[in-house]
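To start, the structure under review is shown below, and the notes come after it.
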Amino acid sequence: MKNLVLFIFSFILISSCTKGKNLQGIYKCEDLQGMNKFIYEEIVYSEDCNCIISGKVKYVKDCQTIALIDFGDGACDNIATKIICSDGNCFGEEGSQILHYEYTFDCNNSTVSEGIVMPSEIDDLNDPNSGPQP
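Residue numbering for the sequence shown follows my numbering, beginning at 1253 and increasing consecutively.
This is the structure:
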């Protein structure tokens, strides 16, 4: 019985969130409130340096990408790149980033979770001298 309830709940959840413009295949962006973030490349955490070493996060508001965070290429350097997007576009015609900043983030045994973005994180996202912390 427990498995049946779980199956029905999962089916309803998946089928109700896959119509329209999809984000990560399960969210309908028109139904999202405020700014949300989604992991679009797996966040990788290193036990060697207790820090995130790679992964990418997308910030979305009103069905447009606002910013991207790139946590790097696997080096234990706690440096991320924040890419600010304009009208949903994050890259120019030649593939170059329109506006980007490098910043350091705290290696605090933390990871990134998807969902609604808190006001303090929005402040960090808009600050050219820092960026969102895990």
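Quick reminder that beta carbons are idealized off the backbone N, C-alpha and C, glycines included.
* To do: Sort out for me which residues DSSP pairs M1370 with in a bridge.
  => M1370 is not bridged to any residue.
* **Residue(s) in a DSSP beta bridge with S1382** => Answer by DSSP bridge pairing: none, since S1382 is not bridged.
* To do: Closer than 6 Å by C-beta to N1381: which residues in its own chain qualify, once you throw out the five before and the five after it? Chain order, please.
  => Cβ within range, chain order: n/a, list empty.
* Counterpart residues of Y1292 in DSSP-defined beta bridges -> According to DSSP, residue pairing for Y1292 in a beta bridge does not occur.
* When we look at the beta-carbon of P1384 and count the other beta-carbons within 10 Å, is it buried (16 or more) or exposed? -> Counting Cβ neighbours within 10 Å, P1384 comes out buried, since at least 16 surround it.
* **Separation of D1314 from S1338, as counted between CA atoms** => Between S1338 and D1314, the alpha-carbon positions lie close to 13 Å from each other.
* To do: Please go through the same chain and pick out, in chain order, the residues whose beta-carbon is closer than 8 Å to the beta-carbon of T1363, but skip the five residues on each side of it.
  => Only I1295, Y1297, I1304 and P1386 meet the Cβ criterion.
* **Sequence-distant residues of its chain with Cβ nearer than 7 Å to D1300 (five each side left out)** => Within the same chain, and ignoring the five residues on either side of D1300 in sequence, the residues whose Cβ sits closer than 7 Å to its Cβ are C1328.
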